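Per the working numbering, residue 2 is the first one in the sequence shown, and the count goes up by one each step.
Virtual Cβ for every residue (Gly too), placed ideally from N, Cα, C.
All of these numbers come straight from a predicted model, not from anything done at the bench.
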Amino acid sequence: MNTLTAISSAMVQLDEAAYRLVMSVPEHRKKYLFVLAMTLVSTYVARRKLGRSAARNPLTELVERRRVHRKVGVDAQFLAQLKKIVPICVPGVASKECALLVSLAGILIARTWLDIWFSSFNGVVVRSIVSRDWQLFTKNALFLFGMMMWPMSVVNNSLKLNINMLALAFRSRLTHYAHDQYLKAITFYKVANLDNRIQNADQLLTQDIDKFSETMTHLYSDIAKPIVDIGLFAYKLGQSIGAEAPLMMLAYFVTSGVVLRAVSPPFGKYTAIEQNLEGELRYNHSRIIAHSEEIAFYRGGEREKQIANGTFQRIKGHLRKVFVLRFTNGIIDSVLVKYCATQLAFFILSRPVFGRNAERYSKEVVGTDSTKIMEDYSTNSGYLINLSQAVGRLVLAGRDLTRFAGYTFRVSEFFAVLEDINSGRYQRTMVSTDPSGINEVRTIDQGSLDGQIVEMDGVIEFKNVPICTPNGDILVPSMSFRVESGMNCLITGPNGCGKSSLFRILGGLWPIFGGVLTKPSPRNMFYVPQKPYLTLGTLRDQLIYPDVREDATKAGFDDANLMALLGKVNLEYLVSREGGWDAVRDWADVLSGGEKQRVAMARLFYHRPQFAILDECTSAVSMDVEGQMYRYARELGITLFTVSHRPSLVPYHEFLLRFDGQGNYEFEELKHDGAFAFARNNGDSSPSRPVKMMTEGPYVGDGHDYFEEEEGELSDDELE
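Here you go:
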């Protein structure tokens with residue numbers, strides 16, 4: 002009870018003190034006090050709303066969870082991130098970027114010197130007008146200014162050009178570095194499929210790097226120029242009025258800067274959230290473009306519109322609240338940095354006339370020429386205005402610095418993830434089934450895994466290799482088989498049994514969690530998917546991808562050789578139909594499904610690897626052309642791993658690898674009469690030992706149906 006009484010008494014005293022403070026303010030000042038109070042209240046409310054909105058936003062929650070609640074701001078972490086990025090932008094003192102920085106600094110100094118000259122020049126012009134001195138006026142306003150306007154114009158436009166060129170140079174360095182890291186080996190695949198720390202890598206590679214480069218360049222200019230201005234204009238103002246004049250102005254701006262720092266919202270954090278939301282919207286539209294056919298068949302336009310509109314509404318809500326924060330924060334900025342500073346400037350400029358040295362100034366400086374007062378006032382006001390603007394830009398640059406911290410965080414995080422992946426480490430955020438809802442962040446270091454990879458030409462061998470997803474889900478506990486050159490292998494099994502996972506492990510896309518995998522070097526293996534990838538470029542580029550024309554020439558392939566390869570897949574007509582080898586088309590739209598698959602097979606024949614993985618790659622090709630392509634692959638000595646459910650492919654294979662979808666598999670030799678064969682044991686036929694490698698339990702099946710029933714689907718060639 003006594004505690005409640007004490008609290009009530011304290012609240013009454015606080016209320017009375019506040020009332021006395023308000024009543025002590027002059028009547029004409031109360032409205033300003035009211036506006037300031039309302040501004041502070043609205044800023045507080047907007048920040049609370051934005052904070053709650055960000056907390057409710059599922060994307061923001063995901064981002065915050067992944068980043069373990071890292072705060073984005075101008076702090077030690079920001080400086081450490083910037084320290085890693087700057088050497089990429091400016092690799093050395095002999096670099097073009099360093100020369101541009103020095104050049105920009107020289108232009109900024111020249112610009113400041115011209116500002117000082119113009120302030121003095123303006124004072125002389127004002128004096129000539131007040132004194133009605135036509136000769137002095139024409140000498141300065143017409144002749145002298147006519148001469149100086151050319152260097153002023155050159156310096157101003159050189160400043161803009163230098164800033165743009167420096168931003169472009171920074172972007173060029175960062176983009177090339179990002180491309181080197183992102184497109185190194187298969188890092189781009191791992192970013193998209195193994196490590197889920199990075200969302201919207203396309204936005205980071207384009208928009209975020211561009212904004213980072215532009216913002217950093219402007220910050221260099223916006224910070225370096227005010228610092229030069231402060232030093233030179235403070236010196237000139239001190240010479241004219243006294244050292245206390247610039248000190249008073251600088252002290253005021255330092256104080257206002259501390260206040261602004263205390264009341265300014267964390268715009269860096271909001272910028273990072275905004276970029277993530279914008280990236281989500283971009284991703285939505287890129288999905289619609291990539292899957293337009295499927296969406297059209299499902300008539301899913303309305304649903305996709307709801308998803309895209311929902312994403313945009315989150316952006317809209319976030320930006321509205323940020324705009325309110327910028328509005329209220331801008332009012333405080335203007336009052337403190339602009340208008341209060343103007344009042345102080347009036348006081349400082351009046352000191353020569355109304356200050357303690359006014360009499361001496363009147364006798365020694367002005368004398369009988371009263372126009373000297375006007376000249377000094379105009380000159381000093383020019384100095385003071387430039388000094389105030391310089392300090393103001395420096396103070397307000399803090400706001401841009403917080404936004405720059407957001408871009409720095411995203412770019413730095415992107416580079417850090419690329420560095421992790423290239424060194425064999427990746428992280429995945431696993432969805433938790435725990436009631437607490439805290440998702441698990443799993444870090445995998447490929448260097449610490451038990452699996453081993455041995456490169457050896459002419460053989461593919463799995464020894465106790467588990468077929469596991471990057472999440473650690475086990476599809477097959479342990480797999481062992483050996484295929485040598487010339488031993489074509491057919492692979493069958495239900496969806497999700499591990500066929501594609503086997504190829505991803507074999508191709509180095511997924512890590513090996515155990516056992517020993519022996520395989521040839523990547524250049525001696527080739528993958529042909531069901532939906533072939535067609536690159537941007539000419540018809541010739543489609544056959545030789547990822548080689549370029551010079552590589553094909555060095556390998557002994559001219560256009561006649563490439564035409565022969567097209568003949569092996571019955572596509573000679575493409576050259577004349579599309580306008581020659583150098584024709585550039587949107588090949589994904591121009592070619593039919595069967596033509597795409599046959600182009601992919603011609604590409605395989607061009608590269609002629611030791612082993613080829615064919616993943617349903619002839620599903621849209623007629624059987625006669627399919628057989629023709631398989632026979633030619635055998636002639637070239639290409640050993641095939643084929644995923645297919647077509648019985649017509651059995652004659653082109655010697656071994657069968659069959660998954661049952663329950664974690665079991667069988668690897669056995671094929672006899673083309675449809676019955677199980679028996680494998681060789683130590684080089685000899687052993688009719689008593691079938692090669693059946695079961696991980697657990699019996700295989701469910703009759704031992705004769707290698708293939709599941711295939712749905713009746715006509716290929717593009719059969720339709721033609």
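Query, Result
"Of the listed residues R198, P247, G311, A111, nearest to M153 (C-alpha basis)", "A111"
"Limits of the unbroken beta strand (DSSP E) element including Q453", "453 to 456"
"Spatial distance of G557 from R550 (CA atoms)", "11 Å"
"Entirely enclosed beta strand (DSSP E) segments - the stretch 475 to 555, minimum 3 residues", "475 to 485, 490 to 493, 517 to 520, 526 to 529"
"Same chain, Cβ closer than 7 Å to I210, neighbours up to 5 away in sequence not counted", "R172, L175, T176, A179, V412"
"Burial state of Y299, where buried means 16 or more other Cβ atoms lie within 10 Å", "exposed"
"C-beta atoms of L518 and L507 nearer than 9 Å", "yes"
"Contact set for E406: own chain, Cβ-Cβ below 7 Å, skip 5 residues either direction", "In the sequence under discussion, the amino acid at residue 406 is Ala, which differs from the Glu named in the question. Same-chain partners within the cutoff: V73, G74, V75, F79, G269."
"Euclidean distance between Cα positions of T380 and G107", "24 Å"
"W588 classed as buried or exposed, judged by whether at least 16 other C-beta atoms fall within 10 angstroms", "buried"
"6 Å CB neighbourhood of P699 in its chain, flanking five on each side removed", "Bear in mind that the predicted position of P699 carries a pLDDT of just 34, short of 50, making it unreliable; the figure below should be weighed with that in mind. Result list for P699: empty, nothing under 6 Å."
"Short CB-CB distance (under 9 Å) between F254 and chain D", "Of the protein chains in this structure there is only one, and it is not chain D."
"Identity of the residues DSSP links to D616 by a beta bridge", "V644"
"Classification of E627 by the beta-carbon crowding that lies within 10 angstroms, buried from 16 upward", "buried"
"Cβ-based neighbour list, T503, same chain, cut-off 7 Å, excluding 5 preceding and 5 following", "Before going on, a small fix: residue 503 reads as Leu here, not Thr. Only I468 meet the Cβ criterion."
"Neighbourhood of A601 by C-beta, 7 Å cutoff - its chain only, sequence neighbours within 5 removed", "V529, P533, C618"
"Contacts around E636, its chain only, beta-carbon distance under 7 Å, and the 5 residues preceding and following it disregarded", "none"
"P523 versus S479, Q611, L572, L450, residue with shortest Cα-Cα distance", "Q611"
"With 16 other Cβ atoms within 10 Å as the buried cut-off, status of M217", "buried"
"Q390 versus V323, C341, N163, residue with shortest Cα-Cα distance", "C341"
"First and last residue of the uninterrupted beta strand (DSSP E) at F463", "460 to 469"
"Test item: CB-CB of Y271 and V336 under 9 Å", "no"
"Opening and closing residue of the alpha helix (DSSP H) in which S558 lies", "First, the residue type needs correcting, since residue 558 is Phe and not Ser in the sequence shown. Note, F558: premise wrong, no alpha helix (DSSP H); not H, not E."
"DSSP three-state assignment for Q428, whether helix, strand or coil", "strand"
"Start-to-end residues for the beta strand (DSSP E) that takes in E670", "666 to 670"
"Contact under 9 Å by Cβ, L615 with S593", "no"
"Integer Cβ distance of A168 from E215, believed to fall under 8 Å", "5 Å"
"DSSP state of A106 mapped onto helix, strand, coil", "helix"
"Exposure label - G638; buried when at least 16 CB within 10 Å", "exposed"
"Contact under 9 Å by Cβ, G383 with S120", "yes"
"Pairwise C-alpha distance: L326 and P1", "The structure shown has nothing for residue 1, since the chain only spans 2 to 721."
"Sub-9 Å separation of G509 and Q453 beta-carbons", "no"
"Cutoff 8 Å; reference S104; Cβ partners in own chain excluding five residues on either side", "N163"
"R659, DSSP secondary structure in three states", "strand"
"Cα-Cα separation between R681 and R483, rounded to whole angstroms", "Its pLDDT being 36, under 50, R681 is placed unreliably in this model, and the value from its coordinates should be taken loosely. Using only the alpha carbons, I get a separation of about 12 Å."
"Cβ contact (3+ pairs, closer than 8 Å) linking the stretch 243 to 255 and the stretch 415 to 425", "no"
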